[in-house]
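In UniProt numbering, the protein residues as written are 1 to 646. Don't be surprised by glycine CBs; every beta carbon is placed ideally from N, CA and C.
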């Protein structure tokens with residue numbers, strides 16, 4: 001039993017040595033690299049989350065300022081409808097009967113009086129719109145041609161009444177009054193309340209190993225992608241450091257170790273945190289190590305079983321074998337040359353028992369095999385871990401960027417309804433290089449806004465730039481009533497506030513009157529839309545071709561004007577059409593695009609785009625596009641007879 005104990009001890013030393021060596025290598029080399037790669041991935045991830053939260057929070061806050069326009073416009077429309085139904089105006093109540101109407105169960109009534117109708121409540125005050133928000137609400141009302149001075153508001157009998165005053169007719173004044181049963185009181189949402197109302201699915205749709213949360217200055221969680229997220233896992237010192245440095249990265253020491261990136265936004269006074277369980281990073285390396293150790297253990301115990309079956313014949317030579325195994329096990333993680341030197345001293349000729357000479361030979365072979373296997377597996381694990389981390393980070397980044405890029409584009413339900421225009425659009429997004437964008441929206445009740453652009457690079461900066469462009473242009477045209485040239489000049493100055501390196505944006509902004517066909521536009525860059533008249537196509541020529549955004553910060557962009565008739569089609573095609581090639585490297589190009597648009601000029605905008613899409617797919621076959629391919633078509637609605645040349 002003494003010899004048996006020595007053999008077991010020697011094998012145990014080998015196993016412990018191998019396990020210790022692999023654990024040290026995993027702890028000192030593989031794991032730090034995986035942690036560093038994941039922190040870089042978190043930086044990209046938190047940037048995308050941060051930009052999306054700001055965008056959605058601003059949109060939620062702005063919706064309160066915009067809800068009164070349709071409400072007052074509906075009151076006006078109902079007033080005119082009711083006024084024209086009763087042509088002789090003989091059945092109207094005198095205004096002095098208003099108190100009886102207020103006490104009744106009636107919902108609406110027309111009144112007439114020979115006196116001036118007195119002003120009652122301030123309508124915005126009645127709906128509890130804060131003073132600081134009233135200017136913004138009035139601007140939104142003005143954009144919808146709502147004149148608040150024509151409205152009459154009153155609180156009576158515990159009810160809210162809103163009326164619309166009509167023109168004088170034979171020394172008579174008319175007013176249409178409606179009881180407001182719905183709750184139209186203003187909800188003054190601060191930034192934190194707006195953030196808490198965001199739907200997480202609007203921020204990120206795909207599953208991710210990362211969990212994010214937005215917290216206010218008191219560490220209260222406003223928005224989180226995980227119910228298990230707790231702000232208590234982050235110490236007060238870390239919050240203070242993030243506020244001082246704007247961004248920090250660290251490992252917390254709670255029950256489950258996590259990698260955390262924490263940033264502070266002074267504008268909204270909130271913190272954004274991204275957490276990744278550290279265990280997900282080290283699990284592949286640990287699993288590989290355990291498999292390798294298990295294989296070594298099985299081999300060594302097999303050798304032990306063989307030796308124990310011949311224990312009586314092995315006693316006299318066991319000391320020599322034990323010494324040899326001890327030497328090999330001690331140097332199991334040595335390099336190849338040193339292990340060869342050690343194994344060369346293991347001499348089987350000195351052993352009197354023949355099976356032992358075979359064992360010594362096996363020890364020699366096993367030593368070489370273990371050294372080669374361990375070194376090979378370590379290198380393989382290291383390379384595989386680095387490659388897996390890179391691929392995971394790349395795929396996550398590409399998926400996030402592509403998802404955000406697709407969500408920024410308007411879909412069918414976001415496109416403005418137009419009685420006079422036929423508008424259609426499509427985009428075939430690139431899997432790895434999203435760069436193009438567009439937006440179609442209503443500026444006011446008479447005009448449609450069109451934005452069409454392309455970024456010179458494709459990365460996280462592209463998504464931020466696209467979001468900035470579409471949000472800024474829409475706000476400038478709708479709320480600030482700016483012209484396209486003024487809008488591009490202001491947008492260019494905004495981009496000049498941050499370093500852009502070699503990044504620039506080509507963009508086209510147009511305001512198109514859906515009633516007259518007149519349009520005004522401004523261009524930054526060389527890409528302009530095509531105007532197809534009947535079956536002849538030309539490129540719109542602005543007054544001056546000006547440089548891309550982010551090229552020169554002091555550029556003043558000018559406006560150009562044009563006319564759009566019922567025989568015309570406006571075609572906006574992105575730069576990606578120039579990169580559509582088939583297996584023979586033949587280009588689809590702008591020439592084929594023009595041919596299809598002219599050939600299908602008599603069809604609807606949707607049919608034209610479908611024809612263009614099918615033609616490009618048939619041309620490329622199974623080949624995937626490397627860049628975005630997008631287009632917008634605008635033309636007169638063939639079913640409408642009110643679109644006339646003015």
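Item, Value
"Using the Cβ count rule (16 or more neighbours within 10 Å means buried), how would you classify residue 632?", "buried"
"Report the three-state DSSP secondary structure of residue 271 (helix, strand or coil).", "strand"
"Got a sec, what are the start and stop residues for the alpha helix (DSSP H) residue 467 sits in?", "460–478"
"Tell me whether residue 75 sits in a helix, a strand or coil according to DSSP, three-state version.", "helix"
"May I ask which residues mark the beginning and end of the beta strand (DSSP E) holding residue 486?", "Element bounds for residue 486: not the beta strand (DSSP E) but the alpha helix (DSSP H), 484–496."
"Please classify residue 123: does DSSP put it in a helix, a strand, or coil?", "helix"
"Which residue or residues does DSSP assign as beta-bridge partners of residue 506?", "454"
"Residue 249 bridges to which residues according to DSSP?", "261"
"Along the beta strand (DSSP E) that carries residue 233, what are the first and last residues, could you check?", "Residue 233 -> no beta strand (DSSP E), and no H or E assigned at all."
"At the level of alpha carbons, what is the spacing between residue 650 and residue 361?", "Any answer about residue 650 is impossible in this case: the structure gives the chain only from 1 up to 646."
"Along the chain, where does the alpha helix (DSSP H) containing residue 597 start, and where does it finish?", "589–599"
"Between residue 538 and residue 531, is the Cβ-Cβ spacing less than 7 Å?", "yes"
"Span of the alpha helix (DSSP H) holding residue 616?", "605–620"
"Which residues mark the beginning and the end of the alpha helix (DSSP H) in which residue 143 is found?", "131–143"
"For residue 470 versus residue 557, is the C-beta distance shorter than 7 Å?", "no"
"Have a look at the DSSP bridge pairing and note the partners of residue 448.", "442, 512"
"Between 579, 270, 98, which lies nearest to residue 647 when the distance is taken from Cα to Cα?", "Since the displayed the chain opens at 1 and closes at 646, residue 647 lies outside it and no answer follows."
"Which of the three DSSP states is assigned to residue 562 in this structure?", "strand"
"Whole angstroms are fine: how far does the CA of residue 460 sit from the CA of residue 48?", "7 Å"
"What would DSSP say about residue 163, mapped onto helix, strand or coil?", "strand"
"Beta carbon of residue 423, beta carbon of residue 634: below 7 Å?", "yes"
"With a CB to CB cut of under 7 Å and the five nearest residues on each side skipped, what residues in its chain are close to residue 248?", "238, 241, 242, 262"
"Closer than 7 Å, CB to CB, is residue 569 near chain B or not?", "The structure shown contains no chain B, having only a single protein chain."
"Nearest by alpha-carbon distance to residue 157: which of 195, 99, 145, 21 is it?", "99"
"Roughly how many angstroms lie between the CA atoms of residue 113 and residue 148, to the nearest whole one?", "21 Å"
"When you compare the region 579–590 with the region 610–626, are there three or more beta-carbon pairs, one atom per stretch, that lie closer than 8 Å?", "yes"
"Quickly, what does DSSP pair residue 427 with across the bridge? List them, please.", "630"
"Please report the straight-line C-alpha distance between residue 116 and residue 173, rounded to a whole angstrom.", "7 Å"
"With DSSP as the reference, identify every bridge partner of residue 173, one or two as the case may be.", "113"
"Need the endpoints of the alpha helix (DSSP H) that residue 184 sits in, please.", "Note, residue 184: premise wrong, no alpha helix (DSSP H); not H, not E."
"What is the DSSP secondary structure of residue 384, counted as helix, strand or coil?", "helix"
"Determine the closest residue to residue 387 out of 38, 21, 24, with distance taken between C-alpha atoms.", "38"
"State yes or no: is the C-beta of residue 195 within less than 7 Å of the C-beta of residue 223?", "yes"
"Using the beta-carbon count (16 or more within 10 Å), is residue 419 buried or exposed?", "exposed"
"Is it right to say residue 74 is buried, meaning 16 or more other beta carbons lie within 10 angstroms of its own, or is it exposed?", "exposed"
"My output table needs one value for residue 266: the three-state DSSP class, helix, strand or coil.", "coil"
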